[in-house]
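Below you'll find the structure, written out as structure tokens, and then a few comments.
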Amino acid sequence: MDDVIITSPSFKDHLDHLTQVFTLLRDAGLTLNKEKCHFARDKLKYLGLIISKEGIETDNKKIRAITEMKPPKNNREVSKFLGMTGWYQKFIPRYADICEPLYQLKKKGAKFNWSGEAQDSFDQIKRTLTEAPILQLPNFSEQFNLFTDASGVGIGAVLQQNQNLLLSRLEPLIKQNGIIRLPKENV
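In UniProt numbering, the protein residues as written are 1 to 187.
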């Protein structure tokens, strides 16, 4: 088992939560590797993100790897770029709209042609990632606001609470035989 993350509102609660988890692990016959354990951390890196009491933000080292990428020379490199940036799309409003020229390059049977529009898309995604907001953690005792929008190429939503961005998501739509749907990997 990997990556057990325990969050608590106070240090005292955290000690209680740790005791409960340790008891459950012991009762299940599971052990921990003490060299891999970290306790009472204010901030942690997890899956390319930094999680803290302020919220969830991008890891500068991971973003630097993206911003230093050269323009793709083939469809496989476009897929690699979209895979790397897609993980961070919650930080990029209108991600699918911005990436539309890149998605066009990935269409089955499409010939690779790196256009000015594709370059603009590539540059805008990289630039936006360097200015990514900190996504706030939700306060379940307060009201949530959900804003939605759709166009011919995508459907999106923004979840906010007291003007703080909690999540931004925009998915591309695929039109096939007159039916509009989300790509299978995004459902």
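All residues carry an ideal CB built from backbone N, CA and C; glycine is no exception.
Would you tell me roughly how many angstroms separate the C-alpha atoms of residue i and residue j, rounded to the nearest one?
i: residue 16; j: residue 34; result: 19 Å
i: residue 2; j: residue 115; result: 43 Å
i: residue 52; j: residue 36; result: 19 Å
i: residue 162; j: residue 40; result: 28 Å
i: residue 47; j: residue 88; result: 11 Å
i: residue 64; j: residue 49; result: 13 Å
i: residue 27; j: residue 21; result: 10 Å
i: residue 127; j: residue 85; result: 12 Å
i: residue 62; j: residue 68; result: 10 Å
i: residue 110; j: residue 104; result: 7 Å
i: residue 73; j: residue 92; result: 24 Å
With 16 as the cutoff for other CB atoms within 10 Å, does residue i come out buried or exposed?
i: residue 151; result: exposed
i: residue 90; result: buried
i: residue 71; result: exposed
i: residue 5; result: exposed
i: residue 78; result: buried
i: residue 96; result: buried
i: residue 58; result: buried
So if DSSP puts residue i in a beta bridge, which residue, or which two residues, is it bridged to?
i: residue 21; result: Beta-bridge pairing links residue 21 to no other residue.
i: residue 55; result: 52
i: residue 150; result: 155
i: residue 70; result: DSSP output for residue 70 lists no bridge partner at all.
What does a CB cutoff of less than 6 Å around residue i pick up in its chain, not counting 5 residues either side in sequence?
i: residue 32; result: none
i: residue 55; result: 134, 135, 136 and 137
Cβ atoms of residue j and residue i: under 7 Å apart, would you say?
i: residue 125; j: residue 98; result: yes
i: residue 75; j: residue 106; result: yes
Under 7 Å Cβ to Cβ from residue i, same chain only, skipping five residues before and after it: list those, please.
i: residue 146; result: 157 and 159
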